[in-house]
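Undergrad: Protein chains in written order, with this note's numbering: chain A, 5 to 196; chain B, 5 to 196.
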């Protein structure tokens, strides 16, 4: 079976392929000659993952999966959420985003937050949504250089280091994205 | 395999059992002598579904699934969300909740909303989150007598009737809960 991952990130694609049997061949957007910008205009994380997967399935006819990720901060009623990447503006700068978030939480007591990744899978006319969550809290300052995005200010539950200080293998094992990917992989391995 | 559904609703339990092979025996909370109130204190829909499933698995040692549902209104930044059942107060009255929501949307242009059901499945040490979404809009007035909760003011996408006017079979086929249940069933049928 051919299955499109609505991404052109070669690392992500190789990672997923390595967890699946050869009978499932993962294709990138490039592989199916999809070079247009896929809309990400939904107002929820789930909505964006659905938009991307549906775009590929409806326009190109492939089984497909797509992911979207956001950081939900309790004291900010779940913001920045679906707008995490462009929280401080369309320049999508991680440092600007973190500064804005630290400022927004300056006078808040609760610093609880969670990362959430949703993967939408369109498979043989059915749609599945897998969700991975990593709970934790927003630190007062940026620490660490691994990872990307909000990792330097996110301390996962039960750890005393930020995602940006933890080794990639640890982040993958306890992280939101790793958890969602594992559900997708288990499902595909069981059904295909 | 025995699998606990963290519920005592006999209709819901019979519905799920009817979609699974006999080798998977669905147990209610009563069946496992769990009579306490399971906490639903999380601040997200996902969080409550996880709390409930984890409570049963950790305290009683069973594989278990639990669901939680909320209505997310775009103009209200996703509220009432996890607080849908008690939006107008702890009396959890559907009419009070609908009145409060109609009032809150009185001067809003957008009436877009979505129902979301999350099912958390704890299975053999792994956790899976399945999500079902029904998009639609909040009507100006209450119409229809079927269903419960916000159904009389929720008009699903592509329909000109509210959930409370549609036959139960239609609501199950296009609804948030039905979609989440179907993902759970497909997963269990494939893996067990």
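Beta carbons are placed, not taken as given, at the ideal position from N, Cα and C, and that holds for glycine.
Would you verify that the beta carbon of residue 122/B is, or is not, closer than 9 Å to some beta carbon of chain E?
TA: Of the protein chains in this structure, namely A and B, none is chain E.
Undergrad: Is the region 137-146 of chain B touching the region 160-167 of chain B, taking contact as three or more C-beta pairs under 8 Å?
TA: Counting Cβ pairs under 8 Å, three or more are found: they touch.
Undergrad: Taking Cβ-Cβ distances shorter than 9 Å, what residues in chain B pair up with residue 128/A?
TA: Numbered from its first residue, the first chain carries residue 128/A at position 124. Here the premise fails: no neighbours, minimum Cβ distance about 10 Å.
Undergrad: How would you label residue 95/B, buried or exposed, when you count the other beta carbons within 10 angstroms and need 16 or more for buried?
TA: Your numbering for residue 95/B matches position 91 in the second chain. It is exposed - the Cβ of residue 95/B has fewer than 16 other Cβ atoms within 10 Å.
Undergrad: Would you list, in sequence order, the uninterrupted beta strand (DSSP E) runs of no fewer than 3 residues that lie entirely inside the region 110-182 of chain B?
TA: 116-127, 130-142 and 158-160, all fully within the region 110-182 of chain B.
Undergrad: If the criterion is Cβ atoms closer than 9 Å, does the pair residue 48/A and residue 86/A meet it?
TA: The count along the first chain starts at 1 and reaches residue 48/A at position 44. The count along the first chain starts at 1 and reaches residue 86/A at position 82. In contact: residue 48/A and residue 86/A (Cβ atoms closer than 9 Å).
Undergrad: Quick one: measure Cβ to Cβ for residue 30/A and residue 20/A, integer angstroms, because I've assumed they're closer than 8 Å.
TA: What you label residue 30/A is simply residue 26 of the first chain in a count that begins at 1. What you label residue 20/A is simply residue 16 of the first chain in a count that begins at 1. With a Cβ gap of about 6 Å, residue 30/A and residue 20/A count as contacting.
Undergrad: Between which two residues does the beta strand (DSSP E) holding residue 71/A run?
TA: Here residue 71/A refers to the residue found at position 67 of the first chain. Where residue 71/A is concerned, the enclosing beta strand (DSSP E) stretches over 68-77.
Undergrad: For residue 58/A, return the contacting residues in chain B, with the cut-off set at a CB-CB distance below 8 Å.
TA: Stepping through the first chain from its first residue, residue 58/A is reached at position 54. None at all; the shortest Cβ gap to chain B is about 12 Å.
Undergrad: Roughly how far, in whole angstroms, is the beta-carbon of residue 55/A from the beta-carbon of residue 119/A, given that I think they are within contact range, below 8 Å?
TA: Within the first chain, the letter at position 51 stands for residue 55/A. Within the first chain, the letter at position 115 stands for residue 119/A. Wrong, their Cβ atoms sit about 20 Å apart, outside the cutoff.
Undergrad: If the criterion is Cβ atoms closer than 9 Å, does the pair residue 45/A and residue 135/B meet it?
TA: Along the first chain, one-based indexing puts residue 45/A at 41. Along the second chain, one-based indexing puts residue 135/B at 131. No, these two residues do not count as a Cβ contact at 9 Å.
Undergrad: Could you work out which residues of chain B lie near residue 35/A, taking near to mean beta carbons separated by less than 9 Å?
TA: The residue given as residue 35/A occupies position 31 in the first chain. Those do not exist, as residue 35/A stays about 27 Å from chain B at its closest Cβ, beyond 9 Å.
Undergrad: Given a threshold of 16 other Cβ atoms within 10 Å of its Cβ, counted over all protein chains shown, does residue 171/A qualify as buried or as exposed?
TA: Taking the first residue of the first chain as position 1, residue 171/A is located at position 167. With fewer than 16 other Cβ atoms within 10 Å, it is exposed.
Undergrad: Express the C-alpha separation of residue 123/A and residue 15/B in angstroms, rounding to a whole number.
TA: Numbered from 1 along the second chain, position 11 holds the residue referred to as residue 15/B. Numbered from 1 along the first chain, position 119 holds the residue referred to as residue 123/A. Those two C-alpha atoms are separated by around 30 Å.
Undergrad: Name the chain A residues that come within less than 9 Å of residue 82/B, Cβ to Cβ?
TA: By one-based count along the second chain, residue 82/B stands at place 78. Correct list: 47, 48, 81, 82 and 85.
Undergrad: Going by C-alpha distance, which of 162/A, 159/A, 155/A and 10/A is nearest residue 98/A?
TA: The residue you call residue 98/A lines up with position 94 of the first chain. When only C-alpha atoms are compared, the closest one is 155/A.
Undergrad: Pop quiz: residue 39/B and residue 188/B are said to be a contact at Cβ under 8 Å. What is the actual Cβ separation, rounded to whole angstroms?
TA: In the second chain, counting from the first residue as 1, residue 39/B sits at position 35. In the second chain, counting from the first residue as 1, residue 188/B sits at position 184. So it is not a contact: roughly 25 Å between Cβ atoms.
Undergrad: Quick one: grab the DSSP three-state call for residue 28/A.
TA: The residue labelled residue 28/A in the question sits at position 24 within the first chain. Three-state DSSP puts residue 28/A in coil, outside helix and strand.
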